[in-house]
Amino acid sequence: MDEHFKELMDTVVKNDYCIGCGICASLPNSPLSMKMNEDGRYKPVIDKNLKEEGLKINPLTVCPFSKNNNKETEIGEKIFGRENRIRFNEYLGYYIKSYAGYVSEGSYRKNGSSGGMGNWIASQLLKHNLVDGVIHVKDAKDKDKLLFEYQISNNINELLQGSKSKYYPIELSQVLKIVKENVGRYALVGIPCFIKGVRLLAEQDEIIKDRIKFTIGLVCGHLKSDMFAKSMGWQLGIEPDALESIDFRKKLSGQPANNYAIEVKGRKDGIKSKLSSPTRDLYTTNWGHGFFKYNACEFCDDIMAETADVTVGDAWLPEYKKDSMGTNIIVARNPIIQRILDENIDKKIYIEEISSEKAYESQAGGFRHRREGLSHRLYLKDKKNEWRPNKRVEPASRISLKRQKIYEKRTLLSKESFNAYKVAIEKKDFGTFINYMDPLIKEYYKITAPPFAIKALRKVKRGILKIVRNE
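Residue numbering for the sequence shown follows the numbering used here, starting at 22 and increasing by one per position.
Have a look at this one:
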């Protein structure tokens with residue numbers, strides 16, 4: 022194997038910093054293919070049927086988590102820095118304007134996770150013949166293997182079939198090969214590290230640079246293993262292998278936007294069923310716990326997809342959360358997309374400009390974990406002299422002892438959730454997962470939460486156990 026692939030496998034993959042984006046496997050003559058591992062996460066593996074010949078691109082240079090690819094700010098400056106209206110913020114990156122708002126035309130907002138802005142912007146790129154296709158995540162064609170996968174939509178009707186967020190492992194290798202084989206102009210929708218990786222690829226691959234014309238970034242908390250989706254179905258009585266589909270963001274009328282539900286379909290006790298529950302009533306859905314999180318996400322400092330032409334996410338701000346239909350934050354960096362927004366304000370979309378401080382506030386918890394918390398995690402890695410990626414955040418241990426313990430407990434919760442799930446699968450009982458994780462969560466809450474949080478957790482636990490044990 023080429024020394025660069027060997028280094029990639031011996032550092033990024035072996036040390037569990039791989040996000041499973043699949044870009045290394047998309048390179049011409051790559052000996053790698055993407056497989057889902059026992060933790061339900063995509064990882065590259067050596068495919069003996071693939072022969073490496075004439076490698077032109079070093080995979081380490083396109084991997085978002087290789088040693089020295091801490092280049093979000095550099096990429097942003099190169100792509101957007103020449104725009105005369107551009108501003109810079111350490112959390113948003115380079116940007117023209119930031120907004121909060123939603124789509125007022127059609128069913129984009131109703132059928133979207135939040136305000137519908139991501140799909141609407143993609144639709145405008147298609148409508149105005151700026152792209153021929155949109156690369157985004159949709160229901161998998163082979164549901165026996167996966168629930169979701171990257172596909173290409175060539176018209177608005179196809180695009181709308183991919184509405185809503187999918188908290189599920191995905192990878193780009195196959196769809197990038199399609200792009201390389203088919204002349205056209207494409208827009209890519211993705212999480213920050215995936216878009217960064219494609220930007221790094223475009224620096225060396227002229228075909229990718231020429232064909233991927235726009236990128237739409239998604240504000241990202243972290244990427245989930247497939248155990249996340251399966252665990253939610255299991256809590257409602259659908260065993261992991263019987264889960265057929267899931268809607269992660271079912272809106273609840275009259276409830277705050279952050280109080281949404283999930284809906285699952287599959288076989289429960291052999292009967293085809295459709296079941297739903299508010300996410301707050303389920304055991305595995307607290308994002309602060311970080312269950313089933315990719316380890317790479319603990320070493321990412323880009324929440325706002327700083328290398329994307331436009332970023333959309335949830336406006337988790339008090340003035341917007343009360344609207345159950347959902348509201349987006351939007352960070353525009355590309356002047357063409359900025360013009361699309363300008364031309365449709367108060368016509369097809371309702372948006373109001375917000376400050377960078379407000380945009381930060383909408384994701385404040387995530388930023389603390391990815392900047393302050395990352396600094397501490399880097400410090401711990403260096404203290405143990407362990408390999409880790411270089412980041413824009415400097416390693417340090419200046420935070421309070423309480424904050425240190427919070428970040429360390431979160432890492433433990435994430436790591437142990439995989440072990441707990443495997444034990445529960447072996448025992449064929451989701452209650453085993455709860456019993457495994459409960460002591461760890463209680464220890465975490467002793468540091469972070471008042472006593473009522475523990476009481477609420479006990480209530481959720483009792484309710485779930487009744488369902489999975491058919492009491």
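Quick reminder that beta carbons are idealized off the backbone N, C-alpha and C, glycines included. Quantities reported herein were computed from a predicted structural model and do not represent experimental measurements.
Query, Result
"Counted within 10 angstroms of its Cβ, other Cβ atoms place L422 as buried (16 or more) or exposed", "exposed"
"Where Y304 sits in the DSSP three-state scheme", "coil"
"DSSP bridge partner residues for H157 (one or two, in chain order)", "Q172"
"Collapsed DSSP secondary structure at T82 in the structure displayed", "helix"
"Alpha-carbon to alpha-carbon, Q276 and L29", "46 Å"
"Cβ-based neighbour list, K118, same chain, cut-off 6 Å, excluding 5 preceding and 5 following", "A353, E374"
"DSSP state of E373 mapped onto helix, strand, coil", "strand"
"Assigned exposure category for R270 - 16 Cβ within 10 Å defines buried", "buried"
"Nearest-angstrom Cα separation, counted from K185 out to G133", "5 Å"
"Best match in N58, A417, Y465, K314 for proximity to E429 [C-alpha to C-alpha]", "Y465"
"Cβ shell of R391 (< 7 Å), same chain only, five flanking positions each side left out", "C321, D322, I324"
"Proximity to I81 [Cα-Cα], best of P460, P410, K162, E192", "The sequence given here has Leu at residue 81, not Ile. It is P410 whose Cα lies nearest to the Cα of L81."
"Anticipated Cβ contact below 8 Å, A223 with K217, distance rounded", "The Cβ separation is near 11 Å, so there is no contact."
"Exposure label - G122; buried when at least 16 CB within 10 Å", "buried"
"Segment limits, beta strand (DSSP E) that includes K56", "53 to 57"
"Close-in-space but distant-in-sequence residues of the same chain around N316 (CB under 6 Å, 5 per side omitted)", "D37"
"Pair within 9 Å by beta-carbon distance, K198 and S54", "no"
"Whole-angstrom C-beta distance between R62 and G261, which should lie under 8 Å", "One detail in the question is off: residue 261 reads as Pro in this sequence, not Gly. Contact doesn't hold; Cβ gap of about 15 Å is too wide."
"Cα-Cα separation between V152 and G127, rounded to whole angstroms", "21 Å"
"Beta-carbon proximity of S135 to A282, cut-off 9 Å", "no"
"Residue closest to I107, alpha-carbon to alpha-carbon, out of L399, D367, N355, H397", "N355"
"Bridge partners - P65, DSSP secondary structure assignment", "M55"
"Residues that I292 bridges to, as DSSP identifies them", "K289"
"Whole-angstrom distance between I357 and S174, CA atom to CA atom", "21 Å"
"When Y188, A263, G102 are compared against G242, the one with the closest alpha-carbon", "Y188"
"N70, buried or exposed, once every other Cβ within 10 Å from all chains shown has been counted against 16", "exposed"
"Extent of the continuous beta strand (DSSP E) run through F269", "264 to 271"
"Residue closest to A329, alpha-carbon to alpha-carbon, out of F235, C42, L76, Y120", "F235"
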